[in-house]
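Chemist: To start, I am sharing the structure in question, which I have written as structure tokens.
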Amino acid sequence: MLLAFLVAVALAIVSMKDLFSVIMLSGIYGLLSASFFVAMDAVDVAFTEAAVGAGISTLLMLVAITMTGRSEDPDRHKPFLALAVVVVTGGLLIYGTFDMPAFGSAQAPIHQQVVPRYIQHSMEEIGVPNIVTSVLASYRGFDTFGEVVVIFTAGMGVLALLSVARRPEDIAEIDSLNDSMHEQHLILRIVSKMLLPFILLFALYVQFHGDYGPGGGFQAGVIFAAAIILYAMLFGMSTARRVINQSFIQLLAAAGVLLYGSVGIVSLLEGKNFLDYGVLSDDPVAGQHLGILLIELGVGITVASVMVIIFFNFAGRRENAHSGEENEMQNNNRGNNKT
Amino acid sequence: MAAPLCLLLTRPRMVWLFALVVSGTAFLTSILLLQQVMVSGTIVYELGGWKAPWGIEYRIDQLSAFLLLIISAVSTVVLLAAHTSIQQEIPASRHRLFYVLYLLSLAGMLGIVATGDAFNVFVFLEISSLSAYALIALGKDRRALWAAYQYLIMGTIGATFILIGIGLMYQMTGTLNMHDLSVRLPAVEHTRTVFTAFAFIIVGVCLKLALFPLHLWLPNAYAYAPSIVTAFFAATATKVAIYLLIRFTFSIFGLSFSFTALPLQILFLVLGLLGVFVASTAAIYQTNVKHLFAYSSIAQVGYMIIGFSMTTATGLMATLLHLFNHALMKSALFLALGAVMYRIGSVQLSQFQGLGRQMPLTMAAIVIGGLSLIGVPLTVGFVSKWYLVLAVIENGWWPVAVLILLASLLAVVYVWRIVEVAYFKPPLAANESVTEAPLSFLVPIWILVVANLYFGIDTRLSIEVAQAAAQSLFGVSP
Amino acid sequence: MLMDHYNYWIVVVLMMTGFYIVIAHGNLIKKIVGLSIFQTSVFIFYISMAKVEGGTAPILEEGIRQYSNPLPHVLILTAIVVGIATTALGLALAVRIKEAYGSIEEEEIQRQDNLDC
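Chains as they are written, first to last, in our numbering: chain A, 123 to 461; chain B, 668 to 1145; chain C, 1369 to 1485.
Shown next, in the form of structure tokens:
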């Protein structure tokens, strides 16, 4: 049933021309797939997908279209070629499904290899009831380390592409603009001001409760970042920027990665392998617990700060796009003449 | 053993010197690794202290040690020139980010090569690609942005295909560890699911590999990226993709399956040859020298694929040799182009007039690199072409050998065009005052050029390693 | 037999819809939307195969014997992060392209490039 909805949404996106509705629909798509994940017992994934697919990425896309315009050119190039490629690829995949183990069958190979150990022994080896957390943070801790590095890379990449040196007079100008704008949303501001501490608290809860229920560093980071972004939207970018220093966030982003890495190195120095948390305490299980806590903290810090970096840079770019449009144009002309 | 490599991943942002030290450390580590692997065979390192199918392991055999060495060596030498080169090509406020992204990309590539876990490959692939997109977009020209965007779309499609393939494999076997996969796959290899998985992985890797006809993203990405980035990626990125191709076909799926499931041999042979000819011909018509060498890179990938398609130890050895040699040639060439860019601010062929006299050392490097591309004796290019032709003849494919030699003639044409302009035309009035490139360029360029000549004359080291790697791959797979 | 694979077939349709958007549409933002749909569908595929009939969420509790497979969940958590990273970078590029070319239509950009050459 949910899947049918998903198909409908996806097809609607294909035919829709207005980018704003396309993005809204893709947010819905994210939310629907999150509910599907719940139905499939993947609560952790659902949590993340709801925060990312329906939350952060929709937000980023919306900010992006305010800068790029929201309508799509109706002309499509080579639709038949594209369709042919798609049909061939899809056909191959369908062909591949025929020999797959039946859906939901407990006899499928993936449930026979490797995983039983996680389910049967993770409690005594790691001492954390949420198996997803123990696999994520310990058995396959290196993957998660890679994941943190990926998000760090993205943050740095966006920074490299969008960061702008801002001139002081712009800030003053934007400030006055913001002030006049936010006079009007007094109630909204008060309500959200009251909500903010709760959101932050909830983020912390998700962060440290990941061992027992769904949640963990990544989800917490996203929620934390969402709180800051909400604040920035309501109180103006410059206020937010004054509260949260840019270079401080960059430092935090790196610190998260470093925290993760140094946990690994500590275990290395203790004569064990990289990311072996057993050495962090006399009792290996307690060590695992501590290790997971620390690395989840590292993940949370990096994710939250990178999300904030990405958002601030998008938004900062947008403000500059207005004041600096002519400037950019000149730069481009110069660039063109050179080639 | 692999620990210093992990150390690499944990860097905050830092400046050139630190980047250089990190890259140099990686280089030294990989030399040690290679020595050890050559002596004692495959090294396994369990990350997190969990045994392989449950945890993730680094598995370093001759092949991956060889690749690690190439990547870290090129990266170190190229970084030597980075400090000077990016002064001109990247705004000062982004320098710090440039180094961060550069190291991330290096870490990603080393990770791909070192890891023994299929999903971990995907993660590292994304680290190196994401930083690659951002690095390319740092180029001065606005077309760099467009090139980076196209690369992002193609690269992500490729990575998603690989992800689908890994998912299907996992579904059939229940494991993600490469070694474990190679043990379990034969039992289910007749299934259509595994066949699909294989097809998806091959297509995904070929997108990354820029194998003809999936090469469209490459020329622009190389041409408009900052010179240092081009030198680094031209020498390493496609090599990593070749590594993945070899790893998946030989080590995971196993030789017999890989080449019977699909008509891969003929497919790759034809695509490789087509790639060589189409790209070489395209190179002749370019007016931007970076474009020219980018097309030549596609052609070189074609040669590697031809060697690969033979599925004999000699063929594979020729591929690996060419991998090594091509990394040397292309990094020297693109670095020399970086020097030209630094001095005259352009790499249009028309601007090269008279440079032979004004920048004699830089142009000499380009000429030697070009000779190597053609495959003239005493350069590395000759060695790998020699073995490639030997392998082809060993297989009894005479026409292919003739075609390879013919294709080399095309290389003569495009290299000659540069030589002609640079040495036999008077300097442009606007470029009267151009002088030789600064030492910070010349030293790394000539390190690479000398390496080009050295490994062209004394071939023992590179051949021994390539041979060992090729044989071990054939030893592993039945 | 039909019901066994019904889920996977729908997922394939979803993937291909996303894939089609990526290659057939010229608008840069829409391409990125397509890419994220393509990736999300792959996630759905992974999660589908982790489901065990009668299993529950993989959080250990007394009295429950059958859990769904946690490993694909872990992989997809990582993959989602990779997905959002790609999306963010792609959007950043699109914004810069808009500034540089004044358009986010593929053909328009290609046309301007050809003029440059």
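Using N, Cα and C, we set each Cβ at its ideal position, and we do this for glycine too.
These numbers were taken from a predicted model, which means no experiment stands behind them.
What does T180 (chain A) pair with, by DSSP beta-bridge criteria?
Modeler: For the purposes of this step, residue 180 (chain A) is identified with residue 58 of the first sequence, where counting begins at 1. Note: T180 (chain A) sits in no beta bridge, so no partner.
Chemist: For I312 (chain A), does the count of other Cβ atoms within 10 angstroms reach 16, so buried, or fall short, so exposed?
Modeler: Position 190 of the first sequence, counting from 1, holds the residue named residue 312 (chain A). Answer is exposed; the Cβ neighbour count stays below 16.
Chemist: Output the residue ranges of the alpha helix (DSSP H) runs that lie fully inside the region 1384-1460 of chain C and measure 4 residues or longer, sorted by chain position.
Modeler: 1396-1418
Chemist: Please classify I1472 (chain C): does DSSP put it in a helix, a strand, or coil?
Modeler: Locating residue 1472 (chain C) in the third sequence gives position 104, counting from the first residue. Assignment of I1472 (chain C) by DSSP, reduced to helix, strand and coil, places it in the coil class.
Chemist: What does L852 (chain B) reach in chain A if we use C-beta pairs closer than 7 angstroms?
Modeler: As a first step, residue 852 (chain B) is located in the second sequence; it is residue number 185 there, counting from the start. By Cβ distance, chain A contributes nothing, its closest Cβ being about 11 angstroms from L852 (chain B), past 7 angstroms.
Chemist: When you compare the CB of L125 (chain A) with every CB in chain B, is at least one pair closer than 7 angstroms?
Modeler: Within the first sequence, numbered from 1, the residue matching residue 125 (chain A) stands at position 3. Output row for L125 (chain A): interface = no.
Chemist: Under 7 angstroms between the Cβ atoms of A1137 (chain B) and A980 (chain B)?
Modeler: On the second sequence, position 470 is the one that residue 1137 (chain B) refers to. On the second sequence, position 313 is the one that residue 980 (chain B) refers to. Yes, the Cβ-Cβ distance between A1137 (chain B) and A980 (chain B) is below 7 angstroms.
Chemist: Nearest to N325 (chain A) by alpha carbon, out of A:F436, A:A426, A:L412?
Modeler: As a working note, residue 325 (chain A) is residue 203 in the first sequence. A small correction: the amino acid at residue 325 (chain A) is Ala; Asn does not occupy that position in the sequence shown. With distances taken between Cα atoms, A325 (chain A) lies closest to A:A426.
Chemist: Give a yes or no on whether 7 angstroms exceeds the smallest Cβ distance from R262 (chain A) to chain B.
Modeler: Stepping through the first sequence from its first residue, residue 262 (chain A) is reached at position 140. So yes, R262 (chain A) belongs to the interface.
Chemist: Chain A partners of S731 (chain B), CB-CB under 7 angstroms?
Modeler: By 1-based counting over the second sequence, the position of residue 731 (chain B) is 64. Neighbours of S731 (chain B) on chain A: none; closest Cβ ~16 angstroms, over 7 angstroms.
Chemist: Run down chain A in chain order and give the residues with a C-beta less than 9 angstroms from the C-beta of I1412 (chain C).
Modeler: Position 44 of the third sequence, counting from 1, holds the residue named residue 1412 (chain C). Simply L125, L128, S155, F158, F159, M162.
Chemist: Hey, is I293 (chain A)'s beta-carbon within less than 7 angstroms of any beta-carbon in chain B?
Modeler: If you number the first sequence from 1, residue 293 (chain A) lands on position 171. Its pLDDT being 47, under 50, I293 (chain A) is placed unreliably by the model, and nothing is read from it.
Chemist: Once DSSP output is grouped into helix, strand and coil, what is the label at R262 (chain A)?
Modeler: The residue given as residue 262 (chain A) occupies position 140 in the first sequence. Correct three-state label for R262 (chain A): coil.
Chemist: Anything in the region 1455-1473 of chain C with a Cβ closer than 7 angstroms to a Cβ of chain A? List those residues in chain order, please.
Modeler: T1455, A1456, L1457, L1459, A1460, L1461, A1462, V1463, R1464, K1466, E1467, A1468, I1472, E1473
Chemist: Do S752 (chain B) and S894 (chain B) have their C-beta atoms closer together than 7 angstroms?
Modeler: Numbered from 1 along the second sequence, position 85 holds the residue referred to as residue 752 (chain B). Numbered from 1 along the second sequence, position 227 holds the residue referred to as residue 894 (chain B). Yes, the pair counts as a contact, with Cβ atoms nearer than the cut-off.
Chemist: Within this structure, are the beta carbons of F1001 (chain B) and A898 (chain B) separated by less than 7 angstroms?
Modeler: Position 334 of the second sequence, counting from 1, holds the residue named residue 1001 (chain B). Position 231 of the second sequence, counting from 1, holds the residue named residue 898 (chain B). Against a cut-off of 7 angstroms, the Cβ pair of A898 (chain B) and F1001 (chain B) comes out as a contact.
Chemist: Assign E295 (chain A) to one of three DSSP states: helix, strand, or coil.
Modeler: Working through the first sequence from its first residue, we reach residue 295 (chain A) at position 173. Because E295 (chain A) carries a pLDDT of 47, less than 50, the predicted location of this residue cannot be relied on, and no value is offered for it.
Chemist: Just the Cα atoms here: how many angstroms apart are P1044 (chain B) and H989 (chain B)?
Modeler: Position 377 of the second sequence, counted from the first residue, corresponds to residue 1044 (chain B). Position 322 of the second sequence, counted from the first residue, corresponds to residue 989 (chain B). Those two C-alpha atoms are separated by around 14 angstroms.
Chemist: Output, in sequence order along the chain, the residues in the region 1442-1454 of chain C whose CB is closer than 8 angstroms to any CB in chain B.
Modeler: Answer in chain order: L1443, T1446, A1447, V1450, A1453, T1454.
Chemist: Who are T782 (chain B)'s beta bridge partners in DSSP?
Modeler: Locating residue 782 (chain B) in the second sequence gives position 115, where the first residue counts as 1. Looking at the DSSP assignment, T782 (chain B) forms a beta bridge with B:Y725.
Chemist: Do you know whose CA, among C:N1375, C:M1383, C:Y1374, C:S1416, lies nearest V131 (chain A)'s CA?
Modeler: Numbered from 1 along the first sequence, position 9 holds the residue referred to as residue 131 (chain A). The option with the nearest alpha carbon to V131 (chain A) is C:M1383.
Chemist: In chain B, which residues lie less than 9 angstroms from K1399 (chain C) when you measure between Cβ atoms?
Modeler: For the purposes of this step, residue 1399 (chain C) is taken as the residue at position 31 of the third sequence. Within 9 angstroms Cβ-Cβ: Y816, I820.
Chemist: State the CB to CB distance for the pair V1379 (chain C) and I216 (chain A), rounded to an integer number of angstroms; the pair is presumed to be in contact (CB under 8 angstroms).
Modeler: Taking the first residue of the third sequence as 1, we reach residue 1379 (chain C) at position 11. Taking the first residue of the first sequence as 1, we reach residue 216 (chain A) at position 94. Actually they do not touch by this definition, with Cβ atoms about 10 angstroms apart.
Chemist: Rounded to whole angstroms, what is the Cα-Cα separation between V907 (chain B) and T190 (chain A)?
Modeler: The residue you call residue 907 (chain B) lines up with position 240 of the second sequence. The residue you call residue 190 (chain A) lines up with position 68 of the first sequence. Those two C-alpha atoms are separated by around 35 angstroms.
Chemist: Hey, which unbroken runs of the alpha helix (DSSP H) at 4 residues or more fall wholly within the region 871-945 of chain B?
Modeler: 885-891, 894-913, 922-928
Chemist: Which residues in chain A sit within 8 angstroms of L659 (chain B), going by Cβ to Cβ distance?
Modeler: This structure cannot settle anything about residue 659 (chain B), because the visible part of chain B is limited to 668 through 1145.
Chemist: Buried or exposed, going by whether 16 or more other CB atoms sit within 10 Å of the CB of M977 (chain B)?
Modeler: By 1-based counting over the second sequence, the position of residue 977 (chain B) is 310. Buried is the call here.
Chemist: Leaving aside the five residues before and after V745 (chain B) along the sequence, list all residues of the same chain whose C-beta is less than 8 angstroms from its C-beta, in chain order.
Modeler: On the second sequence, residue 745 (chain B) is found 78 positions in, with the first residue counted as 1. I895, A898, F899, A902, S998, L1002, P1111, listed in sequence order.
Chemist: For Q1015 (chain B), write down the residues that DSSP places opposite it in a beta bridge.
Modeler: If you number the second sequence from 1, residue 1015 (chain B) lands on position 348. Partner(s): B:N955.
Chemist: Applying a beta-carbon distance threshold of less than 7 angstroms, which residues of chain B neighbour E269 (chain A)?
Modeler: Within the first sequence, residue 269 (chain A) is the residue found at index 147, counting from 1. Ordered by position in chain B, the residues that pass the 7 angstroms Cβ test against E269 (chain A) are V790.
Chemist: Between R851 (chain B) and M355 (chain A), what straight-line distance do the alpha-carbon atoms span, to the nearest angstrom?
Modeler: Locating residue 851 (chain B) in the second sequence gives position 184, counting from the first residue. Locating residue 355 (chain A) in the first sequence gives position 233, counting from the first residue. Answer to the nearest angstrom: the Cα atoms are 53 angstroms apart.
Chemist: For the alpha helix (DSSP H) holding P1066 (chain B), just list the boundary residues, first then last.
Modeler: Stepping through the second sequence from its first residue, residue 1066 (chain B) is reached at position 399. 1065-1091 is the extent of the alpha helix (DSSP H) around P1066 (chain B).
Chemist: Report yes or no: do the region 1002-1012 of chain B and the region 1073-1091 of chain B share at least 3 C-beta pairs separated by less than 8 angstroms?
Modeler: no
Chemist: Pull up the CB-CB distance for K957 (chain B) and Q1020 (chain B), whole angstroms please, since I reckon it's below 8 angstroms.
Modeler: Within the second sequence, residue 957 (chain B) is the residue found at index 290, counting from 1. Within the second sequence, residue 1020 (chain B) is the residue found at index 353, counting from 1. Actually they are not in contact, since the Cβ atoms of K957 (chain B) and Q1020 (chain B) sit about 17 angstroms apart, beyond 8 angstroms.
Chemist: Taking all protein chains shown into account, do 16 or more other C-beta atoms lie within 10 angstroms of the C-beta of G263 (chain A), making it buried, or fewer, making it exposed?
Modeler: Here residue 263 (chain A) is taken as the residue at index 141 of the first sequence, counted from 1. By the neighbour-count rule (16 or more Cβ atoms within 10 Å), G263 (chain A) is buried.
Chemist: Is the CB of I1403 (chain C) under 7 angstroms away from at least one CB in chain B?
Modeler: Within the third sequence, numbered from 1, the residue matching residue 1403 (chain C) stands at position 35. Checking the sequence shown, residue 1403 (chain C) turns out to be Leu, not Ile. True, the Cβ-Cβ gap to chain B drops below 7 angstroms.
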